Amino acid sequence: MSYVPTRFIHAANLRLDHQPQGVATISETAQHLLEDCTLNSFANLVQCCLDQSVDFLLLTGNTFVESDHSIRARIALIDGFQKLASHNIPVLVIPGESDPLSAWDLQYHWPENVTFFSPGDHDRFDILRETETVATLQLFGSAPAKTYQTLKLKQRNQLFNKQNQRPLSIGCMTPASSTNAEESATFELDSFSLAVPEAFQSDDDSSEVAVDYLSLSKGTSHHTFEMQPGVAHHPGTAQGLNFGEYQKNGVTLAIVNSEAPLELRRIKVAPVRWLPLELELEPHTSTAHLRQQMKSALLSRKPGKHERLWMVCWKLSGSGSLLDALEDATQQEELTSALQQELKQQQVPQLEHTFQLEFTPIQQHRESGTELTDSYLRQVESFRTRFDAPLERLISRAGHLDPQWQQRLTSIAAELDEAQIFNTAIRNGQSCLNISTDEEHHS
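Numbering (the numbering used here), first residue to last: 19 to 461.
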């Protein structure tokens, strides 16, 4: 079937002026880049719409976070929408969980190119380029299934242009008004088809057209699923806000040619990249060798067009004196300073470094074979693996604690890093018990 040629950008989870989380002490320049990263990514998105000559911009949820009450987010939206309006580019806004329709202040005089959709909107909406319909859009997720309008060709022949081309049909899933936090937490994208109304599912009726492009609404991860026919897609997040949002950040450019299948391209607009990098250290690894590994890991990544800052988390695992020394913040700073000197002539953005150290259980790298050390390590490992929450169990079995102290300690334990505590216990035990056999017998 022939389609009306069109191109649009689909973006979600812009979260304008929402601040990144889990950031340690960083330089003043990096702090400013982080504070403005979502606003700058939106400015890059608007410019991308102009550069790509898109027919419309589709925003599907969480454009900002209502609880932030951000004036800067409002100003950025108005400026961006007005810039698109000056080039006759429509903006279609579908509110999400963090930016419900009530938070958009519809009494404000938004630019005329902006159209807001309510979860209760059931009608099919025609997206125009001048006077020609280039795509249609319909929401579902909160409305009763019987209200969805199946595209019957016999009933909607007026949608075909003179070249016998029909517009792309877009369906947008919206967060159901009845969805609670527990349902959101257990929602899995690969089961989305179970929630798709029958009106959007293909059948053998040749006079019925399934949705060509289905916009998913859950989460911040980039996903694409092939349907028969069509595609289901979530663009993810334009700008990650923590190390958990480091994969496939960007917006999606959708290109529809008259005969070719729908083409999706991910475009990076983020000024900040979150970059977790894993390296394994051997007991004999030297500082120079580690520095070379770190340099190679960084240079193997190509900076995006708009990237000005890389937030790097070095996840170092293994054993040895070097890994032990890197527990000291001063040693970490000396290592990264030397690394920065070696990278001065390289084309990399500004770097900020954090470290996560994971020490290999000592039984895999034993340098001491004393019976006392082995016995201690066996007990620690047994306690760690036998129980789901070993620290809480240790507190609960402390009979000398009154209930109030037990409750306070349990609350504190829930915020602690159990892996770090056990790693410290292993190293301290090895250090204290690493004595000769003769000394054991005479102690």
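Glycine is no exception: its CB is placed at the ideal position from the N, C-alpha and C atoms. All values reported here derive from a predicted model rather than from experimental measurement.
| Check | Outcome |
| --- | --- |
| Whole-angstrom distance between N260 and T442, CA atom to CA atom | 26 Å |
| P421: first and last residue of the uninterrupted alpha helix (DSSP H) it sits in | 421-431 |
| Inter-residue Cα distance where the pair is Y394 and T403 | 15 Å |
| Cβ shell of L57 (< 7 Å), same chain only, five flanking positions each side left out | L34, D35, R90, A94 |
| Validate contact between the segment 45-59 and the segment 182-192 using beta carbons, cut 8 Å, 3 pairs | no |
| E115 and P38 closer than 9 Å at C-beta | no |
| Inside the segment 252-294 only - beta strand (DSSP E) runs reaching at least 3 residues | 269-274, 281-285 |
| Buried versus exposed call for C190 [16 or more other C-beta atoms within 10 Å across all chains shown] | buried |
| In chain order, each beta strand (DSSP E) run of at least 3 residues that lies wholly inside the segment 76-122 | 109-112 |
| Selected residue, minimal CA-CA separation from Q49, among V249, W328, L412, R445 | W328 |
| S318 - DSSP class collapsed to helix/strand/coil | coil |
| Alpha helix (DSSP H) segment containing A356, residue limits | 347-360 |
| Residues near N275 in its chain [Cβ-Cβ closer than 6 Å; skip 5 each side] | P23 |
| As assigned by DSSP and simplified to three states, the class of F26 | strand |
| Cα-Cα separation, S429 to L119 | 37 Å |
| In DSSP terms, what L434 is bridged to | BP columns for L434 are empty, so no partner. |
| CA-to-CA distance, L317 to Q368, given in whole angstroms | 13 Å |
| Residue span of the beta strand (DSSP E) that contains V64, given as start and end | No beta strand (DSSP E) contains V64, which is instead part of the alpha helix (DSSP H) from 55-69. |
| Extent of the continuous beta strand (DSSP E) to which S45 belongs | Segment: none, S45 is in no beta strand (DSSP E) and carries neither H nor E. |
| Beta-bridge partners of W128, as assigned by DSSP | According to DSSP, W128 bridges with nothing at all. |
| 8 Å Cβ shell around S88 - same chain, five flanking residues per side excluded | L34, D35, H36, F82 |
| Assigned secondary structure, W144 (DSSP; H/G/I helix, E/B strand, else coil) | The sequence shown places Asp at residue 144, rather than the Trp named in the question. Reduced to three states, the DSSP call for D144 is strand. |
| Chain-order list of residues whose beta-carbon lies under 8 Å from that of Q424 (same chain, five-residue window excluded) | I413, S414, A416 |
| Beta-carbon spacing of L308, S335 below 9 Å | no |
| Cross-strand partners of V366 (DSSP beta bridge) | Paired residues: none, contrary to the question. |
| Test item: CB-CB of S233 and H251 under 9 Å | yes |
| Cα-Cα separation, E376 to Q438 | 8 Å |
| CB-CB length for K333 against E296, believed under 8 Å | 5 Å |
| Test item: CB-CB of A121 and L77 under 9 Å | no |
| Of the listed residues L293, G268, D420, L427, nearest to R284 (C-alpha basis) | G268 |
| CA-to-CA distance, L341 to T348, given in whole angstroms | 13 Å |
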